[in-house]
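In terms of the numbering used here, the sequence shown opens at residue -8 and continues consecutively. Presented below is the structure to which this report refers.
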Amino acid sequence: MLNRNLIAGEWTAGSFASRNTSPSDISDLIGEYASADAQDVDRAIEAAAAAFPGWSRATPEFRSDILDRVGTEILARQEEIGRILAREEGKTLPEAIAEASRAGRIFRYFAGEALRLEGERLDSIRAGIEVEIIREPEGVIGIITPWNFPIAIPAWKIAPALAYGNTVVFKPADLVPGCAWIIADVLHRAGIPSGVFNLVMGKGSIVGEVIVRSPRVRAVSFTGSVPTGRRIGVECMERGKKVQLELGGKNPLIVAADADLDVAVNVALNGSYFSTGQRCTASSRLIVDDAIHDKFVEHLVEAMGRLKVDNSLNPGTDVGPVASQSQLEQDLKYIDIGRAEGARLAFGGELIKAETEGYFLKPALFVDSTNEMRINREEIFGPVASVIRVKNYEEAVAVANDTEFGLASGISTTSLKLASDFKRRSQAGMVMVNVPTAGVDYHVPFGGRKASSYGPREQGKHAREFYTSLKTVYVQS
Ligand code: UN1
């Protein structure tokens, strides 16, 4: 069966179909999905523009009820949706179910936020005049999402966009149309009016281009790689569009001399390798104080030895496959680069054979690495982390901040003094103390600094910064 695009409230076949297969088992076909061509995308944008006046003026309660129904259905179907997610993306079934549940909760959260969009009122500096500051939706929003969180990232962009009265043209990553199609189907059956939400699956070079260039799309929210994000940013800037970019990370985790060893190892193991390390929030630089270095490496390697890398659907799998052949090639390339740069592989880095044919890579840990090496400067986006040995906390902070990126950072310490100091000095958008750098809450701001992010934060009530525009009104009565 062909899963079609949703354009102007109609399921539309598109000009060709693409096969969605599992990275755990390349013979496992999840389904065939329609690819949109440029005309399809134009029609979706037209439909979104036509639907905007009605949707933006609908009552907040009307919008809230639809988002609430969507969230409730996703939560009720989390196991079934999680299974599709695990098959198409490759994270383990428990991780995938948790992601589906997170998506459901995000829709429910923004169902509430739709009712809470407040403004401000001030007296003017001029007598007899009042000033009101109100928030209004932007218009048609283009949403372009990556493959690594196939349902949570679409949810945390689509839900606030719709809650605040915008209409949406959504392009999911080519690799993971399954969850995107489910979101469209659930929204459609929840009664979203025609054209308010449109799904256009397909390639970035076709679908993404049209969205970014169309004069009718007022704002673009993108999560993905730095080069693509910067290109989109420039294209939007040239056309006077609002743009929000969530890009890469090279997130540091400091392991201080006084860290609780078990806590530090668990935080590193989770942050670096869970979800196959395919999170922009993953800890890829483990910056370890000389005083605890050898013990930490020994315990981390032991813990890595206990990780079961296997088909994402098998019970007991800790780490699923890499999401695609091309991502696997990138991971292996960086493992070669690390070796050539003089870092030493303390664990993993080789391909694993499972019962099914998929992209299984043994999580890799480099030691004896320096912060100047490419493996510590460029985002790898796989189950690969490296240890950088430092002589004290001061050096650790300097190394942590010495990066182009600034998404998340972490410290493992039992000292309140170090934790408080790092909290202030870290040049990252999110700082974690004895908590993995990856795995965030949905009701608080998400985003980074430096090359990691551009534009306002996502998630929580701060999401309104991007999805609404301020209007200042002066009234003399
Ligand atoms: C998380 O760590 O829970 O693409 C979320 C990413 C991020 C999301 C991370 N935008 O990995």
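Where a beta carbon is used, it is the ideal one built from N, C-alpha and C, also for glycine. Just so you know, these numbers come straight off a predicted model, no measurement behind them.
Residue i burial status per 10 Å Cβ neighbour count (16 or more: buried)
{"i": "residue 302", "result": "buried"}
{"i": "residue 228", "result": "exposed"}
{"i": "residue 148", "result": "buried"}
{"i": "residue 167", "result": "buried"}
{"i": "residue 67", "result": "exposed"}
{"i": "residue 383", "result": "exposed"}
{"i": "residue 251", "result": "exposed"}
{"i": "residue 223", "result": "buried"}
{"i": "residue 287", "result": "buried"}
{"i": "residue 30", "result": "exposed"}
{"i": "residue -8", "result": "exposed"}
{"i": "residue 109", "result": "exposed"}
{"i": "residue 44", "result": "exposed"}
{"i": "residue 365", "result": "exposed"}
{"i": "residue 464", "result": "exposed"}
{"i": "residue 480", "result": "Given that the chain is displayed from residue -8 to residue 468, the structure contains no residue 480 and the question cannot be resolved."}
{"i": "residue 79", "result": "buried"}
{"i": "residue 354", "result": "buried"}
Rounded straight-line distance, which links the Cα of residue j to that of residue i
{"i": "residue 89", "j": "residue 391", "result": "30 Å"}
{"i": "residue 381", "j": "residue 334", "result": "15 Å"}
{"i": "residue 336", "j": "residue 284", "result": "15 Å"}
{"i": "residue 128", "j": "residue 359", "result": "51 Å"}
{"i": "residue 245", "j": "residue 423", "result": "10 Å"}
{"i": "residue 24", "j": "residue 270", "result": "25 Å"}
{"i": "residue 85", "j": "residue 112", "result": "47 Å"}
{"i": "residue 371", "j": "residue 325", "result": "7 Å"}
{"i": "residue 212", "j": "residue 289", "result": "42 Å"}
{"i": "residue 34", "j": "residue -2", "result": "7 Å"}
{"i": "residue 265", "j": "residue 430", "result": "10 Å"}
{"i": "residue 61", "j": "residue 455", "result": "20 Å"}
{"i": "residue 291", "j": "residue 99", "result": "38 Å"}
{"i": "residue 296", "j": "residue 0", "result": "50 Å"}
{"i": "residue 233", "j": "residue 462", "result": "16 Å"}
{"i": "residue 73", "j": "residue 87", "result": "5 Å"}
{"i": "residue 310", "j": "residue 69", "result": "20 Å"}
{"i": "residue 165", "j": "residue 27", "result": "11 Å"}
{"i": "residue 345", "j": "residue 351", "result": "7 Å"}
{"i": "residue 469", "j": "residue 196", "result": "As displayed, the chain neither begins before -8 nor continues past 468, which places residue 469 out of reach and without an answer."}
{"i": "residue 433", "j": "residue 439", "result": "15 Å"}
{"i": "residue 208", "j": "residue 453", "result": "22 Å"}
{"i": "residue 188", "j": "residue 40", "result": "11 Å"}
{"i": "residue 6", "j": "residue 162", "result": "16 Å"}
Residue interval of the alpha helix (DSSP H) (run including residue i)
{"i": "residue 467", "result": "Careful: residue 467 lies outside any alpha helix (DSSP H), inside the beta strand (DSSP E) at 459 to 467."}
{"i": "residue 101", "result": "84 to 104"}
{"i": "residue 325", "result": "316 to 332"}
{"i": "residue 437", "result": "Here residue 437 belongs to no alpha helix (DSSP H), and DSSP marks it neither H nor E."}
{"i": "residue 282", "result": "281 to 296"}
{"i": "residue 21", "result": "Here residue 21 belongs to no alpha helix (DSSP H); instead the beta strand (DSSP E) covers 16 to 26."}
{"i": "residue 51", "result": "51 to 67"}
{"i": "residue 224", "result": "217 to 229"}
{"i": "residue 252", "result": "252 to 264"}
{"i": "residue 413", "result": "407 to 416"}
{"i": "residue 385", "result": "384 to 392"}
{"i": "residue 202", "result": "200 to 204"}
Where the beta strand (DSSP E) through residue i begins and ends
{"i": "residue 421", "result": "421 to 424"}
{"i": "residue 195", "result": "Element bounds for residue 195: n/a, residue is neither H nor E."}
{"i": "residue 212", "result": "208 to 214"}
{"i": "residue 38", "result": "No beta strand (DSSP E) contains residue 38, which is instead part of the alpha helix (DSSP H) from 29 to 48."}
{"i": "residue 2", "result": "1 to 3"}
{"i": "residue 233", "result": "233 to 237"}
{"i": "residue 149", "result": "Note, residue 149: premise wrong, no beta strand (DSSP E); alpha helix (DSSP H) at 143 to 154."}
{"i": "residue 369", "result": "Counting along the chain, residue 369 falls outside any beta strand (DSSP E), and DSSP gives it neither H nor E."}
{"i": "residue 121", "result": "120 to 128"}
{"i": "residue 242", "result": "242 to 246"}
{"i": "residue 188", "result": "188 to 190"}
{"i": "residue 336", "result": "335 to 338"}
Bridge-paired residues (DSSP) for residue i
{"i": "residue 360", "result": "379"}
{"i": "residue 445", "result": "236"}
{"i": "residue 133", "result": "160, 211"}
{"i": "residue 347", "result": "Answer is none; residue 347 lacks a bridge partner."}
{"i": "residue 173", "result": "None, per the DSSP bridge assignment."}
{"i": "residue 114", "result": "121"}
{"i": "residue 274", "result": "242"}
{"i": "residue 9", "result": "24"}
{"i": "residue 400", "result": "422"}
{"i": "residue -7", "result": "23"}
{"i": "residue 300", "result": "310"}
{"i": "residue 342", "result": "352"}
CB contact check: residue i to chain D, cutoff 8 Å
{"i": "residue 359", "result": "The chain labelled as chain D is not found in the depicted structure, where only one protein chain is given."}
Residue i Cβ short of 7 Å to ligand 2 heavy atom set
{"i": "residue 431", "result": "Ligand 2 is not part of the structure shown, which contains ligand 1 as its ligands."}
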